[in-house]
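Visitor: Residues 18 to 238 in this note's numbering are what the sequence shown lists, from first letter to last.
The beta-carbon is built from N, C-alpha and C at its ideal position, and this holds for glycine as well.
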Amino acid sequence: MRLGSRDLDRSAAFYRDLLGFDEVPAAGPHARCFAAGEVRVLVTEVEPGADLGGWVDDDLQGGVRHFGMKVGDIDARVRDLAAAGVTVLSPPADVLGDVRIAFFLDPDGARLEFVQGNLSYQHVFAPDLAAAEAATRAAPGERPRFDHVAITVEDLPAALREFDYEVIGEIRHHDDARGFLMTYLRAGPAVLEVFSFDVPVRPRPLTIEGVLGFQGFEVDR
Numbered sequence: 018m019r020l021g022s023r024d025l026d027r028s029a030a031f032y033r034d035l036l037g038f039d040e041v042p043a044a045g046p047h048a049r050c051f052a053a054g055e056v057r058v059l060v061t062e063v064e065p066g067a068d069l070g071g072w073v074d075d076d077l078q079g080g081v082r083h084f085g086m087k088v089g090d091i092d093a094r095v096r097d098l099a100a101a102g103v104t105v106l107s108p109p110a111d112v113l114g115d116v117r118i119a120f121f122l123d124p125d126g127a128r129l130e131f132v133q134g135n136l137s138y139q140h141v142f143a144p145d146l147a148a149a150e151a152a153t154r155a156a157p158g159e160r161p162r163f164d165h166v167a168i169t170v171e172d173l174p175a176a177l178r179e180f181d182y183e184v185i186g187e188i189r190h191h192d193d194a195r196g197f198l199m200t201y202l203r204a205g206p207a208v209l210e211v212f213s214f215d216v217p218v219r220p221r222p223l224t225i226e227g228v229l230g231f232q233g234f235e236v237d238r
């Protein structure tokens, strides 16, 4: 996961000290790298005038939407975030898929998610992967574990062909007039949560260099 930041020390205080990620060596003096299990979050310093590059908090915009972490005590975690001055976008709530989630922002405006519990898919395509996921559950007090990157795509079949990752399952929001479908792919040690809609999506690249917040992601095959 690659992010842009105006203040690397502030990012370290957030990802290392508040979220509990391990700081690991980063290439170059203008970057910090944090490990959440097998996943690395690389934060690079951006120019003073950099902004979010047109990113808006609307899942009908293409590109990276958020990244999510599994926790075992979401309500306590979100209280701690709020006490530390973090912008909480939505408090913990039970949602479709039998999980409890909350959204918040990192210091530079990247949208992050805590997830408690394991998804119940409406349609399972890879029973072994779904079973392996169901067998793991974050315990209260355990550090947040990187779980997924969420993206919105304009053309789901084309995206599935391009990524060529195994599909775990899918969940459709049947009460959403936009035709909101979430498709889950196993991408290395994490999950790629792919949002698609029956209505038009505003295009945005998956990779944008030099911006605040989300700059892109890579998966080692």
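Excluding the 5 residues preceding and the 5 following residue 137 in the sequence, name in chain order all residues of the same chain whose CB lies nearer than 6 Å to its CB.
Guide: Taking the first residue of the sequence shown as 1, we reach residue 137 at position 120. Within the same chain, residue 137 has close Cβ partners 114, 115.
Visitor: Take the Cβ of residue 235 as the centre, count every other Cβ of all protein chains shown within 10 Å, and call the residue buried at 16 or more, exposed below.
Guide: Start at 1 with the first residue of the sequence shown, and residue 235 comes out as number 218. Classification for residue 235: exposed.
Visitor: So, is residue 28 buried or exposed, given that buried needs 16 or more other C-beta atoms within 10 angstroms?
Guide: Along the sequence shown, read from residue 1 onward, the residue named residue 28 stands at position 11. By the 10 Å Cβ count, residue 28 comes out buried.
Visitor: Provide the residue span of the beta strand (DSSP E) that contains residue 27, from first to last.
Guide: What you label residue 27 is simply residue 10 of the sequence shown in a count that begins at 1. Careful: residue 27 lies outside any beta strand (DSSP E), inside the alpha helix (DSSP H) at 25-29.
Visitor: Use the C-beta contact count for residue 73: other C-beta atoms within 10 angstroms, 16 or more gives buried, fewer gives exposed.
Guide: Looking up residue 73 in the sequence shown gives position 56. Flag for residue 73 reads exposed.
Visitor: Just curious, the beta strand (DSSP E) that residue 212 is in, first and last residue?
Guide: Position 195 of the sequence shown, counting from 1, holds the residue named residue 212. That run of the beta strand (DSSP E) goes 207-213.
Visitor: Does the distance from the C-beta atom of residue 23 to that of residue 229 stay below 8 Å?
Guide: Against the sequence shown, residue 23 aligns to sequence position 6. Against the sequence shown, residue 229 aligns to sequence position 212. Going by C-beta atoms, residue 23 is nearer than 8 Å to residue 229.
Visitor: Taking Cβ positions, are residue 169 and residue 233 nearer each other than 8 Å?
Guide: The residue given as residue 169 occupies position 152 in the sequence shown. The residue given as residue 233 occupies position 216 in the sequence shown. Their beta carbons are not under 8 Å apart, which means residue 169 does not touch residue 233 by this criterion.
Visitor: Which residues mark the beginning and the end of the alpha helix (DSSP H) in which residue 159 is found?
Guide: For the purposes of this step, residue 159 is taken as residue 142 along the sequence shown, with counting starting at 1. Careful: residue 159 lies outside any alpha helix (DSSP H) and carries neither H nor E.
Visitor: For a quick check, are the C-beta atoms of residue 166 and residue 84 less than 8 Å apart?
Guide: Here residue 166 refers to the residue found at position 149 of the sequence shown. Here residue 84 refers to the residue found at position 67 of the sequence shown. For residue 166 and residue 84, yes; Cβs fall inside 8 Å.
Visitor: Report the rounded CA-to-CA distance for residue 40 versus residue 225, giving the unit in angstroms.
Guide: Numbered from 1 along the sequence shown, position 23 holds the residue referred to as residue 40. Numbered from 1 along the sequence shown, position 208 holds the residue referred to as residue 225. Roughly 24 Å separates the two Cα atoms.
Visitor: Taking residue 44 as the reference, give the member of 18, 59, 52, 175 with the closest Cα.
Guide: Walking along the sequence shown from the start, residue 44 turns up at place 27. Considering only alpha carbons, the answer is 59.
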